[in-house]
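Read left to right, the sequence shown gives residues 2 to 156 (my numbering).
Comments concern the structure below.
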Amino acid sequence: MTEQIKDIIERMEAIFGELGYYIFDKEETGETYEGSFKKNDHYLGTIYIENESNFIEFANTFTFDIAEESFFKKHLEPMLDICYENGCYFNILEDEEEIHFHVFSKIYFSGLNVESLEDTLEDFIACNQELELIFEIEEGETNIDSEDMDRENLE
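Encoded structure:
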């Protein structure tokens, strides 16, 4: 890793701590940094930084059994709307057994400060919570709305 990337990682980790997040399972290779992050013991996503990039990327994956393909297709449009409304982007990968819906957000190194990282993380987490809500309501597991989830997980 370059000295610049090492400095950015150090600054990012300090801001994460200041905002009450905990980074764990950190892994650094010569070209990449990866770690998971949580708040209040609730897993929230993974952090990626590549040596040649200009940004920090946040990711989370929702995995569906291939037998749930009709469920996935039924909810795909609202899922895409949720990503768009929260400034996140996505990709979909399908293999013989599973469908993977990956949600991403990023913040450029040049904009890395407490306020911008806090805003980016809030949007990323809100996106994932709203997606989780779709799945929970369909399964009949919960009746709470996304504002309740925000208060519950961000306090």
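The beta carbon of each residue, even a glycine, is placed where N, CA and C say it ideally should be.
Test item: CB-CB of residue i and residue j under 8 Å
i, j, result
"Tyr34", "Ile10", "yes"
"Tyr109", "Phe65", "no"
"Phe73", "Cys84", "no"
Residues bridged to residue i [DSSP beta-bridge criterion]
i, result
"Leu94", "His101"
"Ser37", "Phe25 and Thr47"
"Glu58", "Tyr49 and Lys107"
"Phe17", "According to DSSP, which records beta bridges pairwise, Phe17 is partnered with nothing at all."
"Asp66", "Glu99"
Terminal residues of the beta strand (DSSP E) in which residue i lies
i, result
"Leu113", "Neither: Leu113 is in no beta strand (DSSP E) and is coded neither H nor E."
Cα-Cα separation between residue i and residue j, rounded to whole angstroms
i, j, result
"Glu99", "Glu116", "37 Å"
"Tyr49", "His101", "18 Å"
"Glu95", "Leu118", "31 Å"
"Lys107", "Ser71", "30 Å"
"Ser37", "Asn52", "18 Å"
"Ala60", "Thr47", "5 Å"
"Asp124", "Glu14", "19 Å"
"Glu86", "Glu4", "35 Å"
"Glu29", "Glu19", "22 Å"
"Arg12", "Gly21", "14 Å"
"Leu81", "Lys7", "34 Å"
Cβ of residue i within 8 Å of any chain B Cβ
i, result
"Ala127", "Given the protein chain composition of this structure (a single chain), no chain B is represented."
Exposure of residue i, with buried meaning 16 or more beta-carbon neighbours within 10 Å
i, result
"Thr121", "buried"
"Ala127", "buried"
"Tyr44", "exposed"
"Phe105", "buried"
Where the alpha helix (DSSP H) containing residue i begins and where it ends
i, result
"Met2", "Neither: Met2 is in no alpha helix (DSSP H) and is coded neither H nor E."
Residue i Cβ short of 7 Å to the ligand SAM heavy atom set
i, result
"Phe17", "Of ligands this structure carries none, so the ligand SAM is not represented either."
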